[in-house]
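Note sheet for the following structure.
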Amino acid sequence: MLDIKLIREQPDYVKTKIAQTGADPGDIDRVLEADARRRRLQHELDEMRARRTRESKELGKATPEERDRKRAEMRQLGEQISAGERDLAALEEENTRLLLMLPNLPRDWVPVGKDDSENRIVRTEGVEREFTFEPKPHWELGERLGIIDFERGVKLSGTRFHFLVGMGARLERALIAWMLDLKTQEQGYLEFAPPLMVNTATVIGSAHLPKFEDTMYRDKEEDFWFVPTAEVPLTNLYAREILEAERLPIYMTAYTPCFRREKMSAGRDVRGIKRGHQFDKVEMVKVVHPATSDEELDKLVENACEVCRRLKIPFRVVQMCTGDLGFSAAGKYDVEMYAPGVREWLEVSSCSNCWDFQARRAQIRFREKGGKPEFVHTLNGSGLGLPRTLIAVLENYQNDDGSITVPEVLRPYMGGVERITRA
RNA sequence: GGAGAGGUGGCCGAGUGGUCGAAGGCACCAGAUUGCUAAUCUGGCGUACUGGGCAACCGGUACCGAGGGUUCGAAUCCCUCCCUCUCCGCCA
6 MLDIKLIREQ
16 PDYVKTKIAQ
26 TGADPGDIDR
36 VLEADARRRR
46 LQHELDEMRA
56 RRTRESKELG
66 KATPEERDRK
76 RAEMRQLGEQ
86 ISAGERDLAA
96 LEEENTRLLL
106 MLPNLPRDWV
116 PVGKDDSENR
126 IVRTEGVERE
136 FTFEPKPHWE
146 LGERLGIIDF
156 ERGVKLSGTR
166 FHFLVGMGAR
176 LERALIAWML
186 DLKTQEQGYL
196 EFAPPLMVNT
206 ATVIGSAHLP
216 KFEDTMYRDK
226 EEDFWFVPTA
236 EVPLTNLYAR
246 EILEAERLPI
256 YMTAYTPCFR
266 REKMSAGRDV
276 RGIKRGHQFD
286 KVEMVKVVHP
296 ATSDEELDKL
306 VENACEVCRR
316 LKIPFRVVQM
326 CTGDLGFSAA
336 GKYDVEMYAP
346 GVREWLEVSS
356 CSNCWDFQAR
366 RAQIRFREKG
376 GKPEFVHTLN
386 GSGLGLPRTL
396 IAVLENYQND
406 DGSITVPEVL
416 RPYMGGVERI
426 TRA
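Here our numbering is used: position 115 in the first sequence is 120, and no number is missing along the way.
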C-alpha cells in the first residue's frame, strides 16, 4: 500500500512512477478525490461528536424542564452522527479498496522498461557444460529412471501433477535439507515451519489480495487461503506489531509447499515439472530497517546465488525493469539456472525489495528508542524453488546412459549415494 | 462438537451508564539526590486519523477482542461473532 500522504503531497511524482509500471496513473486522481471526500466528512463528523460529548455532559446537570427539550435536540444530533458514521465507513472502504489495488512504486535505480523484454542481465556465473551427447529434458530422464511419475499424478489429480518416486523424492528432500542448513547455519536465517492455511487479513498483508484472488486456492467457509508461497506467513509474522529497532534486521526462512491456481498460465509450460499447482520451495524473508533495504536486497540475491554456485550449475542474475516488477516489488532481481535439456534459463529465485509496501498493509512497524513508530521494509526471495532446481540438477548432471550424478554437496544428504540409476 | 470461565494500555491489574484514554503497580525514559552499584524522589511514558504551529509542540476525534444494538451519553447494559483457559466428547 502506498502512503496516502505521499500521494497527496507529490501526486505528479507518484503518477510518473505508477505509469512506469504500466498501471493507470488515472487511479491516482480517483484516490485523491476519494481521500478529499473522506477527510471532509471526517472533519464534520469530529465536530458533531465533540458537540455531542460537550452537551451531553451538560445535560446531566440541566434542570428537568430544559432536559426534555435538550434531549430531543440531542437525539437528532445523534441520528446525524450515525448517518455520518455510515457514510464515513463507506468512504473509508472505498478509499482502502482503491489504495489496495495500487501497485508499488519502482525505486529510482530500477531501469525503465515496458515488459520482460527490457529486463537486464546483470551477470552470468559458471560455464555451461559441454555435452558429448544430446542432453535430454528432465521429463525423459525422470521417467526412464522411474523417479518421476507423471501419468499417475494426472490419474490422481489431473494435469500438472506428478509423483516424485524413490531417489527422485529423496533428491528433492536432500535439496531442501541442504538449502535450509545453508540458510540457517551460514547465512543467518531463522527457520520456521509456518501455517500453510492463513486468513484473509494475512493475504492482504502480503499484497496477494485483493488483486490476485483468482490465483489462489481457498476454503471460503472457514476463511482459509492456501499459501501460494511461504512469503505470506513469514512476512506477516510481525503484523500489527511494533518492534524495537535493535531487533532488526530479521532473517527468516522456511520450506513449504506452495499452492497456485496458475489460471493465467493455462497452456504454458505444460510439459515436465516446471509449473504445477503445487510445488515445494525454500523461501527467505527479511524484515529490515528502511535505511538498509537496498543493500539487504543485494545480500538476498547473493544468498540465492550461493545455492546455484555450490550446486555448480551455471546461473545468471536478471534485473527486472519497471514494467516487470510485479505488484509489490520496488526493485527485483531474478536468479536463473541454465537447464541444458530444455535449453532454457529457469527462474529459480525471484528476490524483491517490497519497501514499506507490505509493511503498511500488515502494519509492521519498528521504533527507535524514544522515537515514533515507523514502517519496516520487507524483502523476500526464493532460496530456491524446488521443481526448477531439480530440473537443473537432473539436466546438468545427466550422463550418457541416462543416470544422474548426485552433486557433491548433496551426497551427505543422500546417504552417500553418488549416482542415481534405474532402479 | 458440548459445558463453564474470561478477553482492559509493553506486562500485571482496578473500573458496571456521564467527572475514564481509562486508578494502582511493574517495566521503561528524563531529571534530582545519595558515593557505593542499587535505592529514593519528581516528572514523562499508547496508537491512528485530523486541524494549527507547518520543528521539539498544542487542540479535536476515534480506539478497553471484533461487529451490531439500546441511550442525550457505554470500557460499563443487550445481541452476534472471534479468540484464550478448564472439563467432557471426537479424531490424525
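We treat Cβ as the ideally placed atom computed from N, Cα and C, and that holds for glycine. The structure displayed is predicted, hence computed values, not measured ones.
- [ ] Enumerate, from N- to C-terminal direction, the unbroken alpha helix (DSSP H) stretches of 4 or more residues contained entirely within the segment 146 to 202.
- [x] 155 to 161, 172 to 186
- [ ] Please list, in chain order, all residues of the same chain as Glu99 whose beta carbon is under 6 Å from its beta carbon, the five residues on each side excluded.
- [x] Non-local beta-carbon contacts of Glu99 in its own chain, meaning distances under 6 Å to residues more than five positions away in sequence, involve Ala39 in chain order.
Task: Best match in Arg128, Leu384, Phe362, Trp230 for proximity to Glu300 [C-alpha to C-alpha] - done: Leu384
Task: beta strand (DSSP E) runs wholly inside the segment 268 to 331, at least 3 long, in chain order - done: The beta strand (DSSP E) runs of length 3 or more contained entirely in the segment 268 to 331 are, from start to end of the chain, 283 to 293, 320 to 324.
Task: Extent of the continuous alpha helix (DSSP H) to which Gly210 belongs - done: 205 to 210
TODO: Taking Pro108 and Thr26 to be in contact with their CB atoms under 8 Å, please state how far apart those CB atoms are, rounded to whole angstroms.
DONE: 5 Å
- [ ] Compute the distance between the beta-carbons of Leu415 and Trp183, then report whether it is under 8 Å.
- [x] Judged by beta-carbon spacing, Trp183 lies within the 8 Å limit of Leu415, meaning their Cβ atoms are closer than that value.
Task: Three-state class that DSSP yields for Trp230 in the structure shown - done: strand
Task: Whole beta strand (DSSP E) elements within the segment 340 to 375, 3-residue minimum - done: 349 to 358, 369 to 372
TODO: Would you kindly check if the distance between the Cβ of Ile369 and the Cβ of Leu150 is under 8 Å?
DONE: no
- [ ] Could you tell me which residues DSSP puts in a beta bridge with Pro378?
- [x] Paired residue(s): Arg372.
TODO: Locate the alpha helix (DSSP H) running through Ala250, then write down its first and last residues.
DONE: From DSSP, Ala250 is part of no alpha helix (DSSP H); its letter is neither H nor E.
Task: Under the three-state DSSP convention, the category Glu423 falls into - done: coil
Open item on the list: My assumption, with CB atoms under 8 Å, is that Ile9 sits in contact with Val19. Please give the rounded CB distance.
Closed with: With 8 Å as the limit, Ile9 and Val19 do not qualify as a contact, their Cβ atoms being about 10 Å apart.
Task: Minimum C-alpha distance to Ala259 - residue among Glu63, Asp285, Ala250 - done: In terms of CA proximity to Ala259, Asp285 leads the group Glu63, Asp285, Ala250.
Open item on the list: So, does the segment 334 to 354 touch the segment 396 to 404, judging by three or more C-beta pairs under 8 Å?
Closed with: The segment 334 to 354 and the segment 396 to 404 touch, with no fewer than 3 CB-CB distances between them shorter than 8 Å.
Open item on the list: When you compare the segment 313 to 321 with the segment 243 to 254, are there three or more beta-carbon pairs, one atom per stretch, that lie closer than 8 Å?
Closed with: no
Open item on the list: With three or more beta-carbon pairs closer than 8 Å as the criterion, would you say the segment 201 to 220 touches the segment 272 to 284?
Closed with: no
- [ ] Going by CA-CA distance only, name the one from Pro238, Glu14, Tyr243 that's closest to Val203.
- [x] Pro238
Open item on the list: I need the straight-line Cα distance from Glu236 to Val290, nearest angstrom please.
Closed with: For Glu236 and Val290, the distance between alpha carbons rounds to 6 Å.
TODO: Can you check the segment 384 to 410 for any alpha helix (DSSP H) of at least 4 residues that lies completely inside it and give the ranges in chain order?
DONE: 391 to 401
Task: Per DSSP, cross-strand counterpart(s) of Phe264 - done: Under DSSP, the beta-bridge partners assigned to Phe264 are Gln283.
Open item on the list: Along the chain, where does the alpha helix (DSSP H) containing Arg13 start, and where does it finish?
Closed with: 9 to 14
Open item on the list: With distance defined between alpha-carbon atoms, name the residue in Phe264, Val340, Gln85, Gly386 nearest to Arg165.
Closed with: Phe264
- [ ] Could you name the residues of the same chain whose beta carbon sits closer than 8 Å to that of Arg54, not counting the 5 residues immediately before and after it, in chain order?
- [x] Ile86
Task: Where Lys22 sits in the DSSP three-state scheme - done: In the structure shown, Lys22 sits in a helix (DSSP, three-state: H, G or I).
Task: Opening and closing residue of the beta strand (DSSP E) in which Thr129 lies - done: 125 to 130
Open item on the list: Assuming Ser355 and Ser387 are in contact, meaning their beta carbons sit under 8 Å apart, how far apart are those beta carbons, in whole angstroms?
Closed with: 6 Å
TODO: Quick one: grab the DSSP three-state call for Gly83.
DONE: helix
- [ ] Confirm, please, whether the CB-CB distance from Val353 to Tyr338 is below 8 Å.
- [x] no
TODO: Assign Gly277 to one of two classes, buried (16 or more other C-beta atoms within 10 Å of its C-beta) or exposed (fewer than that).
DONE: Residue burial is scored here from C-beta neighbours: Gly277 has at least 16 other C-beta atoms within 10 angstroms and is therefore classed as buried.
- [ ] With a threshold of 16 other CB atoms inside 10 Å of the CB of Lys160, please say whether the residue is buried or exposed.
- [x] exposed
Task: Sheet register partners of Thr5 (DSSP bridge) - done: This structure does not reach residue 5, given that the chain is present from 6 up to 428, and the question cannot be answered.
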